[in-house]
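Here the structure comes first, spelled out in structure tokens, and everything after it is commentary.
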Amino acid sequence: MEFETVIGLEVHVELNTDTKIFCGCKTSFGNPPNTHVCPVCTGQPGSLPVLNERAVNMAVKAALALHCQINQDCKFDRKNYFYPDLPKGYQISQYDQPIGEHGYLEIDHNGERKRIGIARLHLEEDAGKSQHAADGSHTLVDYNRTGVPLMEIVSEPDIRTPEEARLYLEGIREIMQYCDVSDCRMEEGSLRCDANISLRPVGQQEFGQKTELKNINSFRFVQRGLEYEEQRQREVLAAGGTVRQETRRFDELSQTTLSMRSKEEAHDYRYFPEPDLVRLHIDDAWLAQIRATVPELPMEKRDRYIRQYQLPAYDAGVLTSDLAIGEYFEATVAAGAEPKAASNWVMGDLLGYLNGRGEVLADSRVTPGQLADLIAMIAEGTLSIKQAKDVFKIMCETGRDAKTVVQEEGMEQISDMAALVPLVDEVLAKNSKSVQDFLSGKEKALGALIGQVMKATKGQANPGVVNQILRDRLSALRVEE
60 MEFETVIGLE
70 VHVELNTDTK
80 IFCGCKTSFG
90 NPPNTHVCPV
100 CTGQPGSLPV
110 LNERAVNMAV
120 KAALALHCQI
130 NQDCKFDRKN
140 YFYPDLPKGY
150 QISQYDQPIG
160 EHGYLEIDHN
170 GERKRIGIAR
180 LHLEEDAGKS
190 QHAADGSHTL
200 VDYNRTGVPL
210 MEIVSEPDIR
220 TPEEARLYLE
230 GIREIMQYCD
240 VSDCRMEEGS
250 LRCDANISLR
260 PVGQQEFGQK
270 TELKNINSFR
280 FVQRGLEYEE
290 QRQREVLAAG
300 GTVRQETRRF
310 DELSQTTLSM
320 RSKEEAHDYR
330 YFPEPDLVRL
340 HIDDAWLAQI
350 RATVPELPME
360 KRDRYIRQYQ
370 LPAYDAGVLT
380 SDLAIGEYFE
390 ATVAAGAEPK
400 AASNWVMGDL
410 LGYLNGRGEV
420 LADSRVTPGQ
430 LADLIAMIAE
440 GTLSIKQAKD
450 VFKIMCETGR
460 DAKTVVQEEG
470 MEQISDMAAL
480 VPLVDEVLAK
490 NSKSVQDFLS
500 GKEKALGALI
510 GQVMKATKGQ
520 ANPGVVNQIL
530 RDRLSALRVE
540 E
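According to the working numbering, numbering within the sequence shown proceeds without interruption in unit steps and concludes at 540.
So this is what it looks like as structure tokens:
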């Protein structure tokens, strides 16, 4: 029997506000445990929450970027459950009236564009973080994260492969970063993902029994975890078994999913309206103000790069995967660089240099204008590609511009025929065998002669000019014969 995979993702995104959603405590990451807490975020009796307006702005902005309908009248609810990292015994969240719903995100998969529905986007407060002792003897709780503003983005069950799930998650990250609402650092927990997966016979409308994967901390592991779980469920069903509804985790060492707990029934969170917060009304003027801040989004920019700069889809995808990379590329083109050449240098040499040192674009010592000047020197014949790569490395290390590096290091390409002719004649005189091989029809011998000239000039001769001089000289020798 053939089975169809059905996947839905619940993505939690921490907003990069300076303070928490209902109090004035800082949201900075990596501070000593329990140093950014107060009576409000730790749920002390008599404390009252005050909604962070900036968190609302960011949530609405993200919802608009995901093409959601905005509920201009919405409310907050209490989600009741008891766990050590939830000091109040409830979480302030949104239940039946989220800020945004009925949106979508598009991904490019196997050369086709696919739209994945987004059921809802709502605001809530984050919980604390439990830290379990390695020997299992005790658990400590850090409440610094408690009350950090959090968005939950719930997809429709429209995802059909683990690869699509990864692409969707990467798309969420790109949009959040473009909108400057979150840094989406999975290693710091500011982007977290729970994945629901089930299989059903092809053609069946009813969903199969699902399992939930939790605590996945990278895009690659999301895909691998779903691939393993997809195969595991397929084998269970093919053998006539039944998939249990349970929560599982992906084990990075074994590359398998392991059962955490059974989940026979949905938990009753006993939602009810949060009595300490008034209803939230986003009027037309406020909504229009937020809408005006939504930037050109990654997919739109990708299409524009292909159309405006005639770039391949792959180049456009890489350049728009990060807002800073796209801005650097466009600044390089604006400074006079040919788009495809700029794309090649940004994607290859610049990012390669930075990645090799664990740095980001903000760390680069080479400005877009300096890169454009280097590309121009190649086009003018001042530098060969090989020389330009050597110059670029020095630029990255020192911050000097290309012209300064060429002048100070004596790296300018020699294109003057008057200077090259004597060198070519000298090489011809010293390499009679290669000359005779070429004259007898062995075209490869020309490459050996060019190599000798390049060696004599320490790689500074213009290969094209050298090629032309050699052919002229060799043609003259052939006539003499």
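Beta carbons: idealized from backbone N, C-alpha and C, even for Gly. These numbers were taken from a predicted model, which means no experiment stands behind them.
Cβ separation of residue i and residue j, assumed to be a contact under 8 Å, to the nearest whole Å
i: leucine 182; j: alanine 114; result: 6 Å
i: glutamine 307; j: leucine 317; result: The residue asked about is misnamed: residue 307 is arginine in this sequence, not glutamine. Indeed, because the Cβ distance is near 6 Å, the residues count as touching under 8 Å.
i: valine 70; j: leucine 228; result: 7 Å
i: lysine 173; j: serine 152; result: Actually they do not touch by this definition, with Cβ atoms about 30 Å apart.
Per-residue burial, residue i [other beta carbons within 10 Å of its own, 16 or more giving buried]
i: methionine 436; result: buried
i: arginine 225; result: buried
i: proline 332; result: exposed
i: arginine 232; result: buried
i: valine 337; result: exposed
i: threonine 94; result: exposed
i: valine 109; result: exposed
i: threonine 545; result: The structure shown does not extend to residue 545, since the chain is modelled only from 60 through 540, so no value can be given for it.
i: tyrosine 373; result: exposed
i: phenylalanine 266; result: exposed
i: asparagine 90; result: exposed
i: valine 96; result: buried
i: lysine 503; result: exposed
i: tyrosine 142; result: exposed
i: arginine 459; result: buried
i: glutamate 112; result: exposed
i: glutamate 184; result: buried
Proximity test, Cβ basis, 9 Å: residue i and chain C
i: glutamine 156; result: Given the protein chain composition of this structure (a single chain), no chain C is represented.
According to DSSP, residues forming a beta bridge with residue i
i: aspartate 310; result: Thr315
i: arginine 259; result: Glu63
i: arginine 251; result: His71
i: isoleucine 166; result: Lys173
i: cysteine 133; result: Leu339
i: glycine 159; result: Ile129 and Leu180
i: lysine 514; result: Partner(s): none; lysine 514 has no beta bridge.
i: serine 189; result: Val200
i: glutamate 271; result: Asn255 and Thr306
i: isoleucine 218; result: Ile66
i: lysine 79; result: Answer is none; lysine 79 lacks a bridge partner.
i: lysine 85; result: Thr78
The beta strand (DSSP E) enclosing residue i, as first and last residue numbers
i: phenylalanine 62; result: 62 to 73
i: arginine 303; result: Unbroken run through arginine 303: none, as it is neither H nor E.
i: alanine 178; result: 171 to 184
i: tyrosine 287; result: That residue, tyrosine 287, is in no beta strand (DSSP E); its alpha helix (DSSP H) goes 278 to 297.
i: aspartate 239; result: First-last for aspartate 239: undefined, no H or E at that position.
i: isoleucine 151; result: 149 to 152
Enclosing alpha helix (DSSP H) for residue i [first to last residue]
i: lysine 138; result: First-last for lysine 138: 136 to 139, but that is the beta strand (DSSP E), not the alpha helix (DSSP H).
i: isoleucine 444; result: 444 to 457
i: lysine 120; result: 112 to 124
i: proline 208; result: No alpha helix (DSSP H) holds proline 208; the beta strand (DSSP E) holding it covers 208 to 214.
i: lysine 462; result: 461 to 468
i: lysine 501; result: That residue, lysine 501, is in no alpha helix (DSSP H); it is neither H nor E in DSSP.
i: asparagine 414; result: 410 to 415
i: lysine 399; result: 398 to 403
i: threonine 427; result: Strictly speaking, residue 427 in this sequence is proline, with threonine absent from that position. Its alpha helix (DSSP H) spans residues 427 to 439.
As an exercise, report each continuous beta strand (DSSP E) stretch of at least 3 residues that is fully enclosed by the region 307 to 394, in chain order. Counting only runs of 3 or more, we get 315 to 321.
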